[in-house]
Amino acid sequence: MKVDHGKPAPYARKSRAEAKRIGRVLEHYCGFSVPVEPVLVFVGVTDLKVVATQLSVRVYREREVAALAPLSGVLTAEQIEQVYGVARHRRTWRGVVDGDTRNLNI
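Here the sequence shown is numbered in our numbering, starting from -5 and rising by one per residue.
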(Lines of atoms letter the chains of each structure in order from A and count residues from 1; the text may use other names and numbers.)
(Lines give C-alpha, C1' and ligand atoms only; values in the text may rest on other atoms or scores of the structure.)
Protein backbone atom coordinates (compact mmCIF):
# COMPACT_ATOMS: atom_id res chain seq x y z
CA MET A 1 0.00 0.00 0.00
CA LYS A 2 1.31 3.44 -0.91
CA VAL A 3 0.09 6.70 0.54
CA ASP A 4 0.74 10.06 -1.14
CA HIS A 5 3.36 8.64 -3.53
CA GLY A 6 5.48 7.44 -0.60
CA LYS A 7 7.24 4.14 -0.08
CA PRO A 8 5.09 1.02 0.25
CA ALA A 9 4.06 0.46 3.87
CA PRO A 10 2.81 -2.73 5.57
CA TYR A 11 -0.44 -1.14 6.80
CA ALA A 12 -2.63 -3.98 5.51
CA ARG A 13 -0.45 -6.74 7.01
CA LYS A 14 -0.35 -4.96 10.37
CA SER A 15 -4.09 -4.33 10.26
CA ARG A 16 -4.82 -8.04 9.62
CA ALA A 17 -2.55 -9.02 12.51
CA GLU A 18 -4.18 -6.49 14.83
CA ALA A 19 -7.68 -7.68 13.90
CA LYS A 20 -6.67 -11.27 14.59
CA ARG A 21 -5.20 -10.28 17.97
CA ILE A 22 -8.29 -8.29 18.95
CA GLY A 23 -10.56 -11.16 17.89
CA ARG A 24 -8.63 -13.63 20.07
CA VAL A 25 -8.77 -11.34 23.11
CA LEU A 26 -12.49 -10.61 22.73
CA GLU A 27 -13.29 -14.28 22.16
CA HIS A 28 -11.30 -15.21 25.26
CA TYR A 29 -13.20 -12.82 27.53
CA CYS A 30 -16.64 -13.07 25.88
CA GLY A 31 -16.68 -16.86 25.59
CA PHE A 32 -17.92 -16.83 22.00
CA SER A 33 -16.41 -16.14 18.60
CA VAL A 34 -16.20 -12.41 17.85
CA PRO A 35 -15.65 -11.70 14.15
CA VAL A 36 -13.23 -8.80 13.66
CA GLU A 37 -12.51 -7.40 10.22
CA PRO A 38 -9.53 -5.13 9.56
CA VAL A 39 -10.37 -1.64 8.29
CA LEU A 40 -8.00 1.19 7.44
CA VAL A 41 -9.28 4.76 7.03
CA PHE A 42 -6.86 7.33 5.66
CA VAL A 43 -7.51 10.99 6.41
CA GLY A 44 -6.16 13.84 4.32
CA VAL A 45 -4.37 11.73 1.72
CA THR A 46 -4.13 12.85 -1.89
CA ASP A 47 -3.09 9.51 -3.41
CA LEU A 48 -3.79 5.98 -2.17
CA LYS A 49 -2.64 2.84 -4.00
CA VAL A 50 -3.97 -0.52 -2.82
CA VAL A 51 -2.94 -3.76 -4.51
CA ALA A 52 -5.34 -6.64 -5.06
CA THR A 53 -3.56 -8.88 -2.54
CA GLN A 54 -4.60 -6.49 0.22
CA LEU A 55 -8.32 -6.79 -0.39
CA SER A 56 -8.80 -8.78 2.83
CA VAL A 57 -8.51 -5.38 4.54
CA ARG A 58 -11.15 -2.76 3.86
CA VAL A 59 -9.42 0.48 2.86
CA TYR A 60 -11.22 3.82 2.76
CA ARG A 61 -10.57 7.52 2.61
CA GLU A 62 -12.38 9.55 5.23
CA ARG A 63 -15.16 10.54 2.81
CA GLU A 64 -15.86 6.86 2.03
CA VAL A 65 -16.51 5.66 5.60
CA ALA A 66 -20.28 5.87 5.02
CA ALA A 67 -19.87 2.76 2.84
CA LEU A 68 -19.66 0.75 6.07
CA ALA A 69 -23.22 1.72 7.10
CA PRO A 70 -25.17 -0.90 5.10
CA LEU A 71 -23.09 -3.81 6.40
CA SER A 72 -25.07 -6.15 8.61
CA GLY A 73 -23.77 -7.69 11.79
CA VAL A 74 -23.63 -11.31 12.92
CA LEU A 75 -23.93 -10.83 16.68
CA THR A 76 -27.11 -10.65 18.72
CA ALA A 77 -27.93 -7.50 20.68
CA GLU A 78 -26.90 -9.27 23.89
CA GLN A 79 -23.58 -10.32 22.38
CA ILE A 80 -22.94 -6.78 21.19
CA GLU A 81 -23.50 -5.47 24.72
CA GLN A 82 -21.11 -8.09 26.10
CA VAL A 83 -18.41 -7.27 23.52
CA TYR A 84 -18.86 -3.57 24.25
CA GLY A 85 -18.42 -4.12 27.97
CA VAL A 86 -15.38 -6.35 27.53
CA ALA A 87 -13.74 -4.03 24.99
CA ARG A 88 -14.16 -1.01 27.27
CA HIS A 89 -12.68 -2.72 30.32
CA ARG A 90 -9.07 -1.69 30.81
CA ARG A 91 -8.09 -5.04 32.37
CA THR A 92 -9.07 -6.79 29.12
CA TRP A 93 -6.06 -5.32 27.38
CA ARG A 94 -3.56 -5.63 30.24
CA GLY A 95 -1.04 -8.34 29.39
CA VAL A 96 -1.70 -8.19 25.65
CA VAL A 97 1.64 -6.95 24.36
CA ASP A 98 2.85 -6.87 20.76
CA GLY A 99 0.23 -9.33 19.59
CA ASP A 100 1.09 -11.91 22.25
CA THR A 101 -2.11 -13.12 23.91
CA ARG A 102 -0.39 -15.73 26.09
CA ASN A 103 -0.14 -13.27 28.99
CA LEU A 104 -3.84 -12.49 29.30
CA ASN A 105 -4.91 -11.51 32.81
CA ILE A 106 -7.75 -13.80 33.74
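Even for Gly, the Cβ is constructed at its ideal location relative to N, Cα and C.
Note that this is a predicted model, so its numbers are computed, not measured.
C-alpha of residue 67 to C-alpha of residue 3: approximately 30 Å in a straight line. In chain order, 24 place their CB closer than 7 Å to the CB of residue 76, counting only its own chain and leaving out the 5 sequence neighbours on each side. Restricting attention to 82, 84 and 74, the CA atom closest to the CA of residue 28 is found in 74. Using a Cβ distance threshold of 7 Å, residue 45 and residue 34 do not count as a contacting pair. In the DSSP assignment, residue 34 is bridged to 53.
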